[in-house]
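**Q** Chains as they are written, first to last, in the numbering used here: chain A, 609 to 818; chain B, 609 to 818; chain C, 609 to 818. Even for Gly, the Cβ is constructed at its ideal location relative to N, Cα and C.
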C-alpha cells in the first residue's frame with residue numbers, strides 16, 4: 609500500500625520535473641530530441657543519484673523503462689504544447705515546486721524502505737528533490753536554482769524532515785506523506801509568492817557600515 | 609567475436625573522445641596534467657555513467673586500467689603535438705562526431721549484452737555518447753555542446769536506434785554495428801557541414817508577429 | 609591501525625573541504641541550509657565518486673552518517689563564524705590545499721585496501737582529491753579551480769603517487785601517508801605562494817611571433 613502510494617507520487621514528481629526540464633530546453637530553443645534529453649535528465653536525475661548513493665543498481669528507470677518513456681512523452685508533449693503558452697517559462701518554478709515537495713517525501717520514503725536511518729533518509733529526500741533541478745540548470749547553462757534568493761533547499765528539507773519525523777513517531781504513512789508534501793510545497797510556494805528567504809550570510813563590512 | 613569488435617571500437621571511441629578533452633584543455637591553456645584529467649574524463653566519462661546506471665561496478669576502466677592509461681597517453685601526445693596544428697580546435701567537433709557515433713553503438717551493445725531491453729539499450733547508447741562531452745564542456749567551462757544549433761543528440765539517437773533495431777530484427781552484429789555507426793556519424797557530419805538542425809522551439813510571439 | 613589513521617585523516621579532509629564549500633556559499637550569500645548543502649557536497653563529494661567508481665555502495669557516508677552530520681555541523685559553524693573574518697574567502701584556497709593533499713593519500717589508500725592496483729589507486733587519489741572541489745565550483749557557479757593557473761591537479765597526483773610508490777616498495781604505511789601528504793601539500797602551497805605553474809600549452813602563433 610505504502611509502496612503503491614509512494615510509487616504514484618514518485619511518478620507524478622517525475623512528470624512535473626520532466627516538464628521543467630523541457631521548459632529549460634524551450635528557453636534554450638533546443639530541438640525535440642533536446643527536449644527529451646533535458647526532460648529525462650531532470651525527471652529521473654534526482655532519483656538516479658539517490659539510487660546510486662544507496663547502491664540500488666541498476667537504477668529504478670533501468671528496471672522500469674516506463675519511467676524513461678514517460679519523461680520522453682511528457683517532454684515531447686511540452687514541445688508541442690509550449691507554443692500555446694505565452695509566458696510558459698513563468699510556470700517552471702511552480703512545476704518545480706511540486707516536484708521538489710513530492711521528491712523530498714518519496715526520496716526519503718525510498719531510503720527508509722531500504723533500511724536507512726532518519727538522517728540518511730532526510731538527506732536522500734533533499735538529494736532526490738534538488739539534484740534533478742541542479743543537473744537541469746547546469747546542463748542547460750542556467751544559473752543553478754539553489755543560488756536563487758528565495759527559500760529552496762530548505763523547503764525540501766522541511767518536507768523530508770516532517771515526513772521522516774512523523775514516520776519515526778509512528779504516524780500512519782498516508783498522513784506522514786500528506787503532511788510532508790504540504791509542508792514542503794507550502795513553504796516553497798510562500799517563498800515564491802512573497803519572496804521569502806532565510807537570513808543570508810552578509811560580509812561583516814555590510815553589517816557595520818560605520 | 610561481437611565482444612571483440614565492440615571492444616575495439618569502444619577503445620577507438622575512448623581515444624577520439626580523449627583527444628577532444630585534451631583539445632578543450634589546450635583551449636584553456638591547461639598544463640600537461642590538466643590535459644590528462646580532461647582527456648580521461650572525456651574519454652571514459654560516458655562509459656562510466658553507463659556502467660554506474662547499469663550497476664556494472666567497479667566501472668570498466670577500474671577493471672581494465674589500460675583504458676585509463678590510453679586516455680592519459682593520448683592526452684599527453686595531444687599536448688606535445690598540438691603545437692604543430694595551427695587551428696587545432698577546429699578538429700574537435702570532428703573527433704567528437706566519430707566518438708559520438710562509436711559510443712552510441714558500443715554503449716547500446718554493452719547494455720544489450722547485460723540484458724537490457726531495446727528502450728534502455730538505446731538510452732544507454734545516447735548516454736554513453738553524450739555524457740563524456742557534456743562533462744568535458746562543464747568541467748572546462750565551455751558552453752555544453754548539446755546546446756549547439758546543429759543536430760547532436762539526434763545523431764547519437766539515430767545511431768543507437770538503428771543498431772538496436774537491426775539487432776532486434778535479427779541482423780548480424782557486424783552489419784548492425786556498421787549501419788549504426790554510419791547513420792550516426794553520417795547525420796552528425798551532415799549537420800556539421802551544412803549546419804543542419806531540427807526545427808527548434810520558438811516562442812509564439814515569433815510565429816505570430818502581427 | 610592503517611585503517612584508523614586513514615580514517616582520522618579522511619575525517620579531517622572532509623572537515624576542511626566542508627569549510628571550503630561553506631566559504632563558496634558565503635561568497636554567494638546563501639542561507640544556512642545552502643551552506644549545509646554546499647559544505648556537504650564538497651566534503652563528501654570526492655569520496656562519494658571514488659566509492660561509486662569502485663562499486664563500494666552504499667557509499668561511505670550512507671554507511672556512517674556521522675560524516676554527513678560532521679559536514680553539516682562544520683558548515684553551520686562556518687556560517688556563524690564567517691562574520692568575524694574580514695577576508696574569509698582568502699582562506700578557501702589554503703583549506704582546499706589541505707583537503708587536496710589529505711584526500712589524495714586517503715583516496716589512494718582506500719582503493720589499495722579494496723584490491724586496486726597502483727594505477728587505479730593513484731587515479732582514485734586524484735579523483736577523491738579533486739572532484740569535491742570541482743562539484744563545489746560548478747554548483748556554486750564559480751570558475752572550476754582546475755582551470756586556475758597555479759599547479760593544482762599535479763599536487764594531488766604527486767601526493768597520491770608518492771604514497772602509492774612508497775607502499776609498493778614496502779615502506780611502512782605511516783611513513784608513506786606522511787610523505788604523500790607533505791609532498792602534495794608542499795607542492796600546492798608552493799604553487800599558491802609563488803604562483804608556480806607547469807608549462808602551459810600555448811598556441812603556435814604565440815611561439816613564433818615573427
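#1: Measuring CB to CB, does residue 762/B end up less than 8 angstroms from residue 704/A?
#2: Which residues in chain A have a C-beta closer than 7 angstroms to the C-beta of residue 727/B? List them in chain order.
#3: Compare the C-beta of residue 794/A against all C-beta atoms of chain C and say whether one is closer than 8 angstroms.
#4: Which runs of the alpha helix (DSSP H), 4 residues or longer, sit entirely within the region 629 to 712 of chain B?
#5: Looking only at its own chain, which residues have a Cβ that is under 7 angstroms from the Cβ of residue 624/C, when we skip the five neighbours before and after it?
#6: Can you pull the chain D residues whose beta carbon is under 8 angstroms from the beta carbon of residue 742/A, in chain order?
#7: With which residues is residue 808/C paired in a DSSP beta bridge?
#8: Quick one: is residue 800/B near chain A, going by C-beta distance under 8 angstroms?
#9: Rounding to the nearest angstrom, what Cα-Cα distance links residue 799/B and residue 743/B in this structure?
#10: Rounding to the nearest angstrom, what Cα-Cα distance links residue 806/C and residue 616/B in this structure?
#11: Helix, strand or coil for residue 779/B, going by three-state DSSP, please let me know.
#12: Mind checking whether residue 651/A and residue 713/A have CB atoms under 8 angstroms apart?
#13: Can you give the Cα-Cα distance for residue 621/C and residue 683/B, rounded to whole angstroms?
#14: Looking at the unbroken alpha helix (DSSP H) that takes in residue 754/C, where does it start and where does it end?
#15: Mind checking if residue 660/A is an interface residue toward chain B, Cβ cutoff 8 angstroms exclusive?
#16: Okay, do the region 640 to 647 of chain A and the region 668 to 678 of chain A touch, 3+ Cβ pairs below 8 angstroms being the bar?
#17: May I have the straight-line CA-CA distance separating residue 720/C from residue 759/B, to the nearest angstrom?
#18: Compare the C-beta of residue 808/C against all C-beta atoms of chain B and say whether one is closer than 8 angstroms.
#19: Alpha carbon to alpha carbon, how far is residue 781/B from residue 771/B? Give it in angstroms, no decimals.
#20: So for residue 749/C, helix, strand or coil by DSSP?
#21: Taking the beta carbon of residue 669/C as the centre, do at least 16 other beta carbons fall within 10 Å, making it buried, or is it exposed?
#22: Report the neighbours of residue 618/C on chain A: residues whose CB is nearer than 9 angstroms to its CB, in chain order.
#23: Three-state secondary structure (DSSP) at residue 621/A?
#24: Out of curiosity, what's the CA-to-CA distance linking residue 722/C and residue 664/C?
#25: So, is residue 590/B buried or exposed, given that buried needs 16 or more other C-beta atoms within 10 angstroms?
#26: In three-state terms, what does DSSP make of residue 724/C?
#27: Can you round the beta-carbon distance between residue 629/C and residue 654/C to whole angstroms, since I take them to be within the 8 angstroms contact cut?
#28: Just mark residue 801/A as buried or exposed, buried being the case when its beta carbon has 16 or more other beta carbons within 10 Å.
#29: Contact criterion: CB-CB distance below 8 angstroms. Does residue 645/A meet it with respect to chain B?
#30: Skipping 5 residues on each side, what residues in its chain have a beta carbon closer than 6 angstroms to that of residue 614/C?
#31: Mind checking the region 745 to 777 of chain B against chain A and listing, in chain order, the residues whose C-beta falls within less than 7 angstroms of any C-beta there?
#32: Taking the C-alpha atoms as reference points, what is the distance between residue 685/B and residue 656/A?
#33: What does the Cβ neighbour count give for residue 734/A, buried or exposed, with the cut at 16 atoms within 10 Å?
#34: Find out if the Cβ-Cβ distance for the pair residue 660/A, residue 649/A is shorter than 8 angstroms.
#35: Compare the C-beta of residue 629/A with all C-beta atoms of chain C and state if any pair is closer than 8 angstroms.
#36: Taking the alpha carbon of residue 636/B as the point to measure from, which residue in 662/B, 681/B, 687/B and 724/B has its own alpha carbon closest?
**A** Let me lay it out:
#1: Stepping through the second chain from its first residue, residue 762/B is reached at position 154. Stepping through the first chain from its first residue, residue 704/A is reached at position 96. No. Outside cutoff.
#2: Walking along the second chain from the start, residue 727/B turns up at place 119. In chain order: 673, 676 and 677.
#3: On the first chain, residue 794/A is found 186 positions in, with the first residue counted as 1. Any Cβ of chain C closer than 8 angstroms to the Cβ of residue 794/A would place that residue at the interface, and such an atom is absent.
#4: For secondary structure counted as the alpha helix (DSSP H) over 4 or more consecutive residues, the region 629 to 712 of chain B holds these complete runs in sequence order: 640 to 662, 668 to 671 and 674 to 689.
#5: Start at 1 with the first residue of the third chain, and residue 624/C comes out as number 16. Cβ-Cβ distances below 7 angstroms link residue 624/C to 703, 706 and 707 in the same chain, with the five nearest sequence neighbours on each side left out; the list follows chain order.
#6: Although the question refers to chain D, the structure presented lacks it and instead comprises the protein chains A, B and C.
#7: Taking the first residue of the third chain as 1, we reach residue 808/C at position 200. Bridge partners of residue 808/C: 639/B.
#8: Stepping through the second chain from its first residue, residue 800/B is reached at position 192. No, residue 800/B does not count as interfacial toward chain A.
#9: Taking the second chain and counting its residues from 1, one reaches residue 799/B at position 191. Taking the second chain and counting its residues from 1, one reaches residue 743/B at position 135. Each residue's Cα considered, the two are about 22 angstroms apart.
#10: Locating residue 806/C in the third chain gives position 198, where the first residue counts as 1. Locating residue 616/B in the second chain gives position 8, where the first residue counts as 1. In a straight line, the C-alpha of residue 806/C is about 34 angstroms away from that of residue 616/B.
#11: Residue mapping note: residue 779/B aligns to position 171 of the second chain, counting from 1. In this structure, residue 779/B counts as coil in the three-state DSSP scheme.
#12: Taking the first residue of the first chain as 1, we reach residue 651/A at position 43. Taking the first residue of the first chain as 1, we reach residue 713/A at position 105. Taking C-beta atoms as the reference points, residue 651/A and residue 713/A fail to come closer than 8 angstroms.
#13: Position 13 of the third chain, counted from the start, is the residue given in the question as residue 621/C. Position 75 of the second chain, counted from the start, is the residue given in the question as residue 683/B. Their backbone Cα atoms lie some 30 angstroms apart in a straight line.
#14: Position 146 of the third chain, counted from the first residue, corresponds to residue 754/C. Note, residue 754/C: premise wrong, no alpha helix (DSSP H); not H, not E.
#15: Along the first chain, one-based indexing puts residue 660/A at 52. With 8 angstroms as the cut-off, residue 660/A counts as an interface residue toward chain B.
#16: Judged by Cβ distances under 8 angstroms, the region 640 to 647 of chain A makes no contact with the region 668 to 678 of chain A, as fewer than three pairs qualify.
#17: The residue you call residue 720/C lines up with position 112 of the third chain. The residue you call residue 759/B lines up with position 151 of the second chain. When rounded, the distance between both Cα atoms is 44 angstroms.
#18: Position 200 of the third chain, counted from the first residue, corresponds to residue 808/C. Chain B, which has a Cβ nearer than 8 angstroms to the Cβ of residue 808/C, makes this yes.
#19: Numbered from its first residue, the second chain carries residue 771/B at position 163. Numbered from its first residue, the second chain carries residue 781/B at position 173. C-alpha separation (whole angstroms): 8 angstroms.
#20: As a first step, residue 749/C is located in the third chain; it is residue number 141 there, counting from the start. Coil.
#21: Here residue 669/C is taken as the residue at index 61 of the third chain, counted from 1. The residue is buried, with at least 16 neighbouring Cβ atoms inside 10 Å.
#22: The residue given as residue 618/C occupies position 10 in the third chain. Below the 9 angstroms Cβ cutoff, chain A contributes no neighbours of residue 618/C, its closest Cβ being approximately 18 angstroms away.
#23: Residue 621/A sits at position 13 when you count from the first residue of the first chain. Three-state result, residue 621/A: helix.
#24: What you label residue 722/C is simply residue 114 of the third chain in a count that begins at 1. What you label residue 664/C is simply residue 56 of the third chain in a count that begins at 1. Residue 722/C and residue 664/C have their C-alpha atoms spaced approximately 9 angstroms apart.
#25: Any question about residue 590/B goes unanswered here, given that chain B covers just 609 to 818.
#26: Taking the first residue of the third chain as position 1, residue 724/C is located at position 116. Coil at residue 724/C, not helix or strand.
#27: The residue labelled residue 629/C in the question sits at position 21 within the third chain. The residue labelled residue 654/C in the question sits at position 46 within the third chain. Contact flag wrong, Cβ pair sits at about 11 angstroms.
#28: Position 193 of the first chain, counted from the start, is the residue given in the question as residue 801/A. Exposed: under 16 other Cβ atoms inside 10 Å.
#29: Residue numbering aside, residue 645/A sits at position 37 when the first chain is read from its first letter. Yes, residue 645/A counts as interfacial toward chain B.
#30: Indexing the third chain from 1 puts residue 614/C at position 6. Excluding positions up to five away in sequence, the list reads 714 and 717.
#31: Of all residues in the region 745 to 777 of chain B, 746, 751, 752, 754, 755, 761, 762 and 765 have a Cβ within less than 7 angstroms of some Cβ in chain A.
#32: In the second chain, counting from the first residue as 1, residue 685/B sits at position 77. In the first chain, counting from the first residue as 1, residue 656/A sits at position 48. Between the alpha carbons of residue 685/B and residue 656/A lies a gap of roughly 36 angstroms.
#33: Here residue 734/A corresponds to residue number 126 of the first chain, with the count starting at 1. With 16 or more Cβ atoms within 10 Å of its Cβ, residue 734/A is classed as buried.
#34: What you label residue 660/A is simply residue 52 of the first chain in a count that begins at 1. What you label residue 649/A is simply residue 41 of the first chain in a count that begins at 1. Contact: no.
#35: Walking along the first chain from the start, residue 629/A turns up at place 21. False, the Cβ-Cβ gap to chain C never drops below 8 angstroms.
#36: By 1-based counting over the second chain, the position of residue 636/B is 28. Checked all of 662/B, 681/B, 687/B and 724/B; the closest Cα to residue 636/B is 687/B.
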